[in-house]
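A.B. asks: My questions all concern the structure below.
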Amino acid sequence: MLKKVVCVSALTVMLAACSAVGVSVGKSETKYETDCSEVTAETVQLSGIQDAEFEKSVNAGLKQQTDSKVVAFDSLAAENSGNVRMGNRCILNITWDEKYNKNGFLSLVEEEYVYTGGAHGTTARIPQNIDITGAKIVKLKDLFADDGYVTTLNRLINERLSEHSDEYKELWEKPEIKDEHQENFYLEDDNLVIFFQPYELSYYARGFVEFPLPLEDLSGYLKEEYRRLSV
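Residue numbering for the sequence shown follows our numbering, starting at 994 and increasing by one per position.
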C-alpha cells in the first residue's frame, strides 16, 4: 500500500542539557499517512555523553525501539483495516518526554498510543532510565542496596494511598510492585515515580496510576552511587 504523505523531520531540537556531564537530548519526527493508517513517531538521540561507545549503543537502541514499532504497526494496520469504522484509520502515535536530566542521570519516557479498531486504542509507557555517569541502563532494582527495597516501596505506596485517598479512590486492586514492574518508573523533580499501566489497577479512562515517592525518603535504601539523586 502506497503512503500518501511522508514527512521526516531531520532537524534535531535540543530539549535540555545536564551541565554536569554535558548530555543533551534531541528529537526528530517521522509522520505519514496511508489509505488505512496515520503514523506520528518521535525518535530521540543523545549527545555529549563522555563514553562515546555507550552513547552510540544507547542511540542505536532508542532508534531501534521506535523503528521496530513503526514496522510492526504497518503490518498490523494492513491486517486490521477492515475492523476500523468508516472514515477512521488505524493510528500510531509515539512521543518522548524528558523527565529528569541532572546528577548524571537521565529519565526518558516513551508514550505509545495504538488504535487498530474497536471502542478505543491502547496506551503504554516505556521508560528509559540511564545512568550517564556509570554508562548503563538502569532497572528499578539497580538503584537499591538490597532486595528489601520492594517492601520499602510498597510501604511508601500504601502510605501515599492513605494520605491521598481521593486521588486513588477508583482503584480496583491494591498496588504492588512485582517483577514485571522493573522498568515502570522514572525520576522527576525530587521524586521516584512508580507507575502502573492502564487497566492494571483501574479502568482504561483512569489512565496511568502514578505514585511519586520523595527521593529524600529513599536515600538510606539507595546504593551509594545513587544517593546523589536525592541531593
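Virtual Cβ for every residue (Gly too), placed ideally from N, Cα, C.
Fair warning: this is a prediction, and the values are worked out from it, not measured in the lab.
#1: How many Å lie between L939 and G1114 at the Cα?
#2: Kindly identify the DSSP beta-bridge partner or partners of D1061.
#3: Please state if the CB of I1170 and the CB of V1143 are separated by a distance shorter than 8 angstroms.
#4: Mind checking whether P1191 and T1116 have CB atoms under 8 angstroms apart?
#5: Could you pull the DSSP bridge partners for L1154 from this structure?
#6: Taking Cβ to Cβ, would you say V1131 is nearer than 8 angstroms to L1085?
#7: Whether or not the stretch 1065-1083 and the stretch 1146-1160 are in contact is what I'm after, with contact meaning three or more pairs of Cβ atoms, one per stretch, closer than 8 angstroms; do they touch?
#8: Are R1199 and E1163 close, meaning C-beta to C-beta below 8 angstroms?
#9: On the premise that Y1214 lies in contact with F1098, defined as a C-beta separation below 8 angstroms, what is that separation, rounded to the nearest angstrom?
#10: Give me the Cβ distance between L1206 and N1184, rounded to the nearest whole Å; I'm assuming they're in contact under 8 angstroms.
#11: Helix or strand or just coil, what does DSSP make of T1023?
#12: Report the three-state DSSP secondary structure of D1124 (helix, strand or coil).
#13: Would DSSP call V1051 helix, strand or coil?
#14: Quick check: what's the CA-CA separation for S1002 versus G1054?
#15: Name the residue from T1023, W1165, Y1219, N1052 whose alpha carbon lies nearest to the alpha carbon of E1035.
#16: What number of angstroms, rounded off, separates the C-alpha of L1008 from the C-alpha of L1211?
#17: List the endpoints of the continuous beta strand (DSSP E) containing D1210.
#18: Apply the 10 Å Cβ neighbour rule to W1165 and answer buried if 16 or more other Cβ atoms are within range, or exposed otherwise.
#19: Which term fits D1028, buried or exposed, when burial requires 16 or more other beta carbons within 10 angstroms of its beta carbon?
#20: Taking the straight line between their C-alpha atoms, what separation do you get for L1004 and V1016?
#21: Quick check: what's the CA-CA separation for L1133 versus K1095?
C.D. replies: Considering the structure as presented:
#1: The requested residue 939 does not occur in the structure, where the chain is confined to residues 994 to 1224.
#2: Per the sequence shown, the amino acid found at residue 1061 is Ser instead of Asp. S1061 is not bridged by DSSP to any residue.
#3: Cβ distance < 8 angstroms, so V1143 and I1170 count as in contact.
#4: Yes, Cβ-Cβ distance for P1191 and T1116 is below 8 angstroms.
#5: L1154 pairs with nothing; no bridge assigned.
#6: No.
#7: Cβ pair count under 8 angstroms is below three, so no.
#8: Yes. Within cutoff.
#9: Actually they do not touch by this definition, with Cβ atoms about 16 angstroms apart.
#10: Indeed, because the Cβ distance is near 6 angstroms, the residues count as touching under 8 angstroms.
#11: The answer is strand: DSSP assigns T1023 an E or B state.
#12: D1124 falls in the strand class under three-state DSSP.
#13: DSSP places V1051 in helix when its eight states are reduced to three.
#14: For S1002, the predicted structure reports a pLDDT of 49, less than 50, and the residue's modelled location is therefore unreliable. The matter cannot be settled from this model.
#15: Per the Cα distances, T1023.
#16: Unreliable positioning characterises L1008 in this predicted model, as indicated by a pLDDT of 41, which lies under 50. The coordinate reading is nonetheless provided below. Distance between the alpha carbons of L1008 and L1211: 29 angstroms.
#17: Per DSSP, D1210 belongs to no beta strand (DSSP E); it is in the alpha helix (DSSP H), 1208-1211.
#18: Classified as exposed, W1165 has fewer than 16 neighbouring CB atoms from the shown chains inside 10 Å of its CB.
#19: Around the beta-carbon of D1028, fewer than 16 other beta-carbon atoms lie within 10 Å, marking it exposed.
#20: In this predicted model, L1004 has a pLDDT of only 39, less than 50, meaning its place in the structure is not dependable; the value taken from the coordinates is given anyway. About 18 angstroms.
#21: L1133 and K1095 have their C-alpha atoms some 18 angstroms from each other.
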